[in-house]
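Here this note's numbering is used: the first residue of the sequence shown is 8, the next is one more, and so on.
Ideal placement from N, C-alpha and C gives every residue a C-beta, glycine not left out.
It should be emphasised that the depicted structure is a prediction, and the values quoted were computed from it without experimental measurement.
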Amino acid sequence: MIKPLSINLTNLVFYLSVGCVWLFILSCESKINTYQDSDVFRYNEHKNISSLDPAFSKDLADIWATNQLFNGLVQMNDSLQVLPCIAKNWTVTDSGKSYQFHLRKDVYFHKSDLFGKDSTRQVQAQDFVYSFNRLLDKQLASPGSWVLNKVDYFEALNDSTLHIKLNQPFPAFLGLLTMKYCSVVPREIVEHYGSEFRSHPIGTGPFKFKRWEENIKLVFRKNPHYFEKDSRGRSLPYLEAVAITFLPDKQSEFLQFAQGNLDYISGLDASYKDEILTTEGKLRRSYQDRVNMIKGPYLNTEYLAFYMDSDIPEIQSELLRKAINYGFDREKMITYLRNGIGIPADGGFIPRGLPGYNNQIGFEYNPKRAKDLVDQFKLQSGISNPSITLTTTSNYLSFCEYIQREVQKAGLNIVIDVVPPSTLKDSKANGKLDFFRASWVADYPDAENYLSLFYSPNFAPNGPNYAHYTNTEFDNLFEAAYLESDPLKRQQLYSEMDQIVMEHIPVVVLFYDEVVRFSRKGIHGLGINPINLLTLKSVKKDVNP
């Protein structure tokens, strides 16, 4: 057994209450879980799950759940390669604007009495036409409708052939189709349940819906008719079931993991980071014999942004923007504030792990250079005490205070303004903040998604260019990348654009995030990927590890 957490008297009431909640969950589990524990993968979702309808899979919690229940035309592996799924193959013609998908004929929806006497039916091309039209339906108001923005039309040529025509070339289109928004759903089931399809999902995935007691427990069972097999020809999935609980915070989640009641937790929270990890990001000795840790790049860039349309001299000054970039040690920040989880930004805005990333265009820690730049600004501007206000939320206050202390040594004063997340989101979209903390998690795994934050037509609030950065050369390269079908040439264009951004410094790139996963010994095949997608179809669980 893992050594229990050290619990002081001030936390005793908290842990007793958590224990009561867990006993209630276990009592529920005894009613709905009759299979052996070794066949059940157990994890907690502290953010809750709002819907099991893939058309609303916006948040990671919903995406993780719907990924077990639904499939699309294509899927992405842990190396971000687009692979066949329901579509066994495809062809791309007309200079990258025409896609023709050929579907497998052995894919069936999960069983339901609503299908009639056979309780299921084969997935056909017309099902994708229905699913895509549903995604575009304004009455449904799916947050994923944007994924089809570049689609001119789509049609079923026959039962097993789907044709999609784009209105312009878009090399990242296949990556978009891997998103859960693009999953296939059955018309008869959706139309029967209407908005309640969110809690009565029928898909084609490796697991099928069993039971959902909202805020308490969600259970999926193995789909015995799933179409995918492993490399040895064995049917997937291996697990009998997936059980998801909803303890409301990361501290109680970690306690249950430490006590062996959960098989897996993801991410690093301040409430337990020092308990499980050393400052170098290694597992502490007390956990090494019972816990596995894996980590890898996450397509999330954490940064500070300047509003380039600001009339404040300090914001307009390239000298000061550059001084901030030179003025703090990113490696030390990651070591002490994140226990080594995260990659100090040594490149541009494109994170490590994506084609186009370039580790030669970033800023190294150089306090003397930072001070010289601030002194140069003072001399040129006549402003003896330059000051900039940095707006952030409480979750990132420690990072901002660290930068504040370090940059102050160079002679630049940073005033920190802490606001609620909703205020920060609204204010940055409407140009009300001169300097603010932000992050960008990839909507799809292509560097174009990151570079869109600096494309002039994307000025917020009508797009993600919150910095209101504009550069004609950048815009021309961005548009040229759409037409470039050669991946290596497109990668070079991405790198050139990223370099232009870093030369004009509308942002301070802090770090590229990392996915970190902790699992119990005996869990195999969990894997890790840069989009932090939880895929359980290939996971195995040992008996009494």
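Can you say whether residue i is buried or exposed, counting buried as having 16 or more other CB atoms within 10 angstroms of its CB?
i, result
"Y137", "buried"
"D1", "Outside the displayed range of the chain (8 to 552) lies residue 1, so it cannot be described from this structure."
"I421", "buried"
"G79", "buried"
"A277", "exposed"
"R444", "buried"
"W153", "exposed"
"S492", "exposed"
"I357", "buried"
"A474", "buried"
"G210", "buried"
"P468", "exposed"
"Y160", "exposed"
"L90", "exposed"
"N230", "buried"
"Q131", "buried"
"A248", "buried"
"L386", "exposed"
"G389", "exposed"
"P428", "exposed"
"L284", "buried"
"D101", "exposed"
"I93", "buried"
Could you tell me the distance, in whole angstroms, from the CA atom of residue i to the CA atom of residue j?
i, j, result
"G349", "G529", "26 Å"
"C407", "T308", "16 Å"
"E582", "V158", "Residue 582 is absent from the structure shown; the chain starts at 8 and stops at 552."
"K124", "P208", "19 Å"
"L344", "F370", "20 Å"
"E195", "F204", "11 Å"
"K145", "L541", "29 Å"
"P513", "D379", "20 Å"
"A62", "F122", "21 Å"
"K187", "T73", "7 Å"
"L155", "L143", "8 Å"
"T41", "D66", "The predicted position of T41 is uncertain, since its pLDDT is 49 and thus under 50; a value taken from the coordinates is nonetheless stated next. So the alpha carbons of these two residues sit roughly 31 Å apart."
"D363", "P304", "In the sequence on display, residue 363 carries Gly and not Asp. Computed Cα separation, rounded: 15 Å."
"S463", "E486", "11 Å"
"S57", "S259", "21 Å"
"A330", "G354", "17 Å"
"L246", "K547", "6 Å"
"R359", "K118", "42 Å"
"V522", "H531", "17 Å"
"R126", "L431", "The amino acid at residue 126 is misidentified as Arg; the sequence shows Ser. Using only the alpha carbons, I get a separation of about 49 Å."
"S324", "V516", "17 Å"
"T477", "F313", "13 Å"
"N539", "G267", "23 Å"
"N536", "L164", "35 Å"
"N456", "D549", "40 Å"
"H232", "L87", "27 Å"
"G288", "V191", "40 Å"
Going by the DSSP bridge assignment, what does residue i pair with across the sheet?
i, result
"T399", "V425"
"P244", "Its beta-bridge partners do not exist; DSSP assigns none."
"M186", "Paired residues: none, contrary to the question."
"H97", "With the sequence shown as reference, residue 97 is identified as Trp, and His is not the correct amino acid for it. Paired residue(s): F108."
"E220", "K224"
"P91", "V81"
"F48", "V249"
"W447", "T308"
"F214", "K229"
"S394", "N420"
"N165", "T168"
"F442", "F313"
Rounded C-beta distance between residue i and residue j? I'm assuming under 8 Å.
i, j, result
"Q75", "L543", "6 Å"
"F264", "F525", "7 Å"
"L306", "A449", "4 Å"
"I395", "F335", "The pair is not a contact, with the Cβ atoms about 14 Å apart (cut-off 8 Å)."
"L484", "E503", "6 Å"
"L269", "N51", "6 Å"
"F519", "A352", "Strictly speaking, residue 519 in this sequence is Tyr, with Phe absent from that position. Y519 to A352, Cβ: 6 Å. Contact."
"G103", "P178", "7 Å"
"T398", "D424", "5 Å"
"L327", "P393", "6 Å"
So that I know if they touch, is there some Cβ in chain D lying closer than 7 Å to that of residue i?
i, result
"Y271", "Judged by its chain identifiers, the structure shown contains no chain D, having just a single protein chain."
Could you tell me which whole alpha helix (DSSP H) segments of length 4 or greater appear in the region 131-163?
132-143
Which runs of the beta strand (DSSP E) fall wholly inside the region 103-134 and span at least 3 residues, in chain order?
105-110
If we require 3 or more residues per run, which beta strand (DSSP E) segments fall completely within the region 323-370?
none
In the region 234-321, which residue ranges form an unbroken beta strand (DSSP E) of at least 3 residues, counting only runs that do not cross its ends?
248-252, 271-273, 298-313
In the region 471-531, which residue ranges form an unbroken alpha helix (DSSP H) of at least 4 residues, counting only runs that do not cross its ends?
479-490, 494-511
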